[in-house]
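S.K.: One structure is given below, represented as structure tokens, and several questions about it will come after.
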Amino acid sequence: MTGSPLIEVEDLRIDLNHGSGQVPAVEGVSFRIDRGETFGLVGESGCGKSITALALIGLLRPPLSIGGGVIRFEGREIQRLPAARQRALRGNRIAMIFQEPMTALNPVSPVGRQIAEMFVLHQGKSWREADQLAVEALASVRVPAPQRRVKDYPHQLSGGMRQRVMIAIALACGPDLLIADEPTTALDVTVQAEIIELMRNLCAERGTAILMISHDLGLVANVCRRVAVMYAGRIVEERGSADIFRAPSHPYTQGLVDSLPRLGSRAALGRTRLQEIAGVVPAITAFPDGCRFNPRCPKATDICRTTAPETTWLEAGGLVRCHHHA
Amino acid sequence: MLSFLIRRLLQTVPTVLAVVMLVFVLFSVVPGSIISTMSDDSDPQVEARMKKQLGLDEPVYMRFGAYVAKLATGDFGTSFRTREPVTTMIAKRMGPTLQLIFASMAFAVVVGVPLGFVAALRPGGIVDSAAMVVAVSGLSMAKFWLGLLLMYLFALKLGWLPSFGYGDGGLKYLILPAVTLGVSPMALLARTTRAAVLEIMTADFVRTARSKGMSETRVVKWHVMRNALVLILTTMGLQFGALMGQAVVVEKLFSWPGIGSLLVDSVLQRDIPAVQGSILVVVLFFLAINLLIDVLYGVIDPRIRYA
Amino acid sequence: MKLRANLVIGGSLFALAIVVGLLAPWLAHTDPVMDANLMNAEEPPSWTWWFGTDGQGRDIYSRVLYGARVSLTVGIVSQLINSVIGVALGLSAGYFGGWWDDVVNGLTNLMLAIPSLIFALAIMAVLGPGLTSLLIALGLTNWSFTCRLARASALSLRSQGYVQAATVLGYGDVRIMITQLLPNMLGPIVVIGTLGMGSAVLSEAALSFLGLGVRPPFPSWGSMLSEARDQITTAPWLSVFPGLAIFLTVLGLNLLGDGLRDILDPQSRSRRT
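Protein chains in written order, with UniProt numbering: chain A, 1 to 326; chain B, 1 to 307; chain C, 1 to 273.
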């Protein structure tokens, strides 16, 4: 990889603090995203992907906190920056879109105002100028009649429109990194594609890197150049999107790929749900010893139950954490 | 907006009618109440004459009809005691009562809401614990006792404020009664505000606001306050009712010449038309306040306006 | 932690008030009404007169003890009346629905439109002062919250399996309401009742203060404060103890109510605290 990355995460640990002590919810997570790159983080709910994203933008709230590791943005350690400098990055250079466009917008504030805030906060504009820029921002996310729409309240917009507003907010200041946490999960299937397309195009135009978080490996592989798969607080495999589909290396990734519906096979089987991975994600407080996937893994042997696998660098590029990787 | 207002106004009509009926029934139909309490003289002739004079020999429904008809023209009848029209008596007392009610609500809001905010922003902290102790105590205290203590301290011991009366209507006469009356709505507002803010701070849109790079102060100012206001308003609306009730006691304690003391004096002296009038005015005022608050909801929370 | 503290402090204060009320004849130093002696008028608190004496030379300590009887009787009995009315109306309205529900709803709205102290005052005006009037006036004017609550839970419980099973078994309506519905809403109703007792104690004090409660020579905390007002310049201690007694009793009931709510009505905890 070339040059200094836009953002670099090294050995990140996130602790869940509870009454008597703390348990790591995320451990040993490392990855880097280059300028303008698209990177995906995939896993079932509870695997730690969303809190990893929140850690990146500095929004972890108690009982969660960063327990160790380093996050560098353009080579500077974010956590070491004073609070005001961190806030200047947040929204301005690193922006985030959330899953629920219904609740992620303030119900009692016009959407235009919620966009305009960005210009007031980060560019020192007056409210009057900011309101004008908000109209342009709404137009850029292809909301029809933006002049009128800025005065609307969130409840007057459809789910898709609200998510466009969220994108307009996130991209308002031309950030270098956009974190999108399940940006389309709550939307209708037909709208999903539009929103993904819009997000991808806008970011490509502006050279904004994307960190996309989803449980949907297919969607992420479609949007992102590289994908990391997380399981129970750890990254188990990180590869180029095409490779991960063609030849998944970790048994968990294999399971995810197998559970994706594909053209032809669905019709042949006459059902939409394909093979699912047996068992459930372990709770944070009850991660198994050894490889955390071992209770659900078809390939598990004795060593998997006692020793956590080290990171293996694959010849074809990428890495995997498995004693029996393909 | 206008249709909302009209609809809401129409909804209060049955309530007003019911209250009118209740007030009428309470004092006119309950057997023997008025005449026997008006005079100790039980001479049947006198009684009959008085009944006729007061129109009490008519059938009940006729009397009720006549009563409503008179009310509709703003005529609350004539005071048994002073022979003055009740409407005039009430009009004279309205100003001081409104002054007192709004001053105490203002005190409650100005102290209670910020207290609730501060408590919520550091839950479990010193301010929070202290505020909640104040809130529970404020709710458990008899208003007139608090008033007595304040009167003793600030009027008699320190001599900073007059101990009672309306005086020239100046602010210094208003302070003690208003604070006395305002303490329990203040306590309730502090509790509600705290709960509302705590709940709102966990909302998704607050996380969005933080992700924009806002300081906590801005998050609260731009996004939490307005949302909390809806819940705060609900409490205020309900508290106006309690305030009207408590005003009776506080006005009496501080010899404040408002509707409340008119009501008590009239009750003590069995001046039925004045009692009926005062109660009706209090209820009408309370309904009007609630109407106003519903309209304010619409202004603050756009989801309600169009619903 | 906090839950325990509420219950323990609240419960102890309330229990103390009850004990004081019950044992007043043994704890009191003098008769609260008869032992007036102008020789002892307006004595400040001392070893002889713990809480001082009033303008007629009566021992305030003894009068405060006896005052607990009025306050607690009115608080407990009137709230019981309120609870019974509220449950009966709300439960039947939620269970039967239809026109009866509309009637009860109308009544509840009417009650909410009139400040309850004003309503009680009006009833006192008709009935005249006295303990019975107090019980009626306060017992008829504070049931709307109980009623709303009972109605809401009856509505939600009505459609549940076991209630429908009871219907199929041929249980009568009244039996279903009492044996199936009532036990399931008792927790919140007890909570509201406890808090309601506190406000009934305050209302009794207010009405007695206004001269509409218990007739004067017999001690009530409210009427004692009413007399204290006129002597506040010469005998300020008269204003302290009856008010303190009200405060501690109501504080006890409020804390007890909050504590009970944490145990009996866990859902509402996050919303209201």
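The beta carbon of each residue, even a glycine, is placed where N, CA and C say it ideally should be.
1. Which residue wins for smallest C-alpha separation from A:I9, given the options A:H18, A:D15, A:S30?
2. For a contact meaning CB atoms closer than 7 Å, what does B:T15 contact in chain C?
3. Could you name the residues of the region 112-144 of chain B whose beta carbon sits closer than 7 Å to any beta carbon of chain A, in the order they occur along the chain?
4. Report yes or no: is there a C-beta of chain A within less than 9 Å of the C-beta of B:D204?
5. DSSP beta-bridge partners for A:M230?
6. Under 7 Å Cβ-Cβ, which residues of chain C neighbour B:Y173?
7. Determine, using beta carbons only, whether A:S126 comes closer than 9 Å to chain B.
8. Select from the region 240-251 of chain C all residues with a C-beta closer than 9 Å to any C-beta belonging to chain B, and list them in chain order.
9. Counting along the chain, where does the alpha helix (DSSP H) carrying A:L198 start and finish?
10. For the region 235-246 of chain B, which residues have a CB atom closer than 7 Å to at least one CB atom of chain C, in sequence order?
11. Could you tell me the distance, in whole angstroms, from the CA atom of A:P295 to the CA atom of A:H250?
12. From the DSSP output, in three-state form, read off B:W256 for me.
13. So with CB distances below 9 Å, who are the chain C contacts of B:I279?
14. Check for me: the alpha helix (DSSP H) holding A:Q86 runs from which residue to which?
15. Is the beta carbon of C:S153 closer than 9 Å to that of residue 274 of chain C?
16. For A:R164 versus A:I196, is the C-beta spacing smaller than 9 Å?
17. With 7 Å as the limit, tell me which residues of the region 154-168 of chain B have their beta carbon closer than that to any beta carbon of chain A; keep them in chain order.
18. Whole angstroms is fine: what's the gap from A:P298's alpha carbon to A:R321's?
19. Pairs of beta-carbons, one from the region 61-78 of chain B and one from the region 191-200 of chain B, closer than 8 Å: are there three or more?
20. Assign A:D11 to one of three DSSP states: helix, strand, or coil.
21. Does chain A have any CB closer than 9 Å to the CB of B:S255?
22. Applying the 10 Å Cβ sphere with the 16-neighbour rule, what's the burial state of C:N254?
23. On the DSSP letters alone, give me the boundaries of the alpha helix (DSSP H) that C:I85 sits inside.
24. State yes or no: is the beta carbon of B:R218 nearer than 9 Å to at least one beta carbon in chain C?
25. When you compare only the Cα positions, how much space is there between A:R61 and B:F107?
26. Roughly how many angstroms lie between the CA atoms of B:F240 and B:R63, to the nearest whole one?
27. Quick one: what's got a C-beta closer than 7 Å to C:Q180's C-beta in the same chain, skipping five residues either side?
28. My output table needs one value for A:F293: the three-state DSSP class, helix, strand or coil.
29. From A:P248 to A:T311, what distance separates their C-alpha atoms?
30. Please report whether the beta-carbon of A:R206 lies at a distance below 9 Å from any beta-carbon of chain B.
31. Buried or exposed: A:S45, going by 16 or more other Cβ atoms within 10 Å of its Cβ?
32. May I have a chain-ordered list of the alpha helix (DSSP H) segments no shorter than 4 residues that lie completely inside the region 130-203 of chain B?
33. Go through its chain and collect everything with a Cβ distance to A:L16's Cβ below 7 Å, but skip five positions before and after it.
34. Where does the unbroken beta strand (DSSP E) through A:S214 begin, and where does it stop?
35. If we ignore side chains and look at the alpha-carbon of each, how far apart do A:A53 and B:V230 end up?
36. May I ask you to list the residues that DSSP assigns as paired with A:P24?
M.R.: Taking the coordinates as given:
1. Note that residue 9 of chain A corresponds to Val in the displayed sequence, not to Ile. Ranking the options by Cα distance to A:V9, first place goes to A:S30.
2. N109, L110, A113
3. none
4. yes
5. A:I235
6. Under the 7 Å cutoff, chain C gives no residues; its nearest Cβ is about 17 Å from B:Y173.
7. no
8. V240, P242, G243, L244, I246, F247, L248, T249, V250, L251
9. 189-206
10. G241, A242, M244, G245, Q246
11. 14 Å
12. coil
13. I114, I118, F119, L121, A122
14. 83-89
15. Because chain C here runs from 1 to 273, residue 274 of chain C falls outside it and cannot be looked at.
16. no
17. none
18. 15 Å
19. no
20. strand
21. no
22. buried
23. 60-96
24. no
25. 35 Å
26. 32 Å
27. Y162, V163, A166
28. coil
29. 15 Å
30. no
31. exposed
32. 143-150, 171-200
33. Q22, V23, A25, P63, L64, I284
34. 209-214
35. 33 Å
36. A:D15
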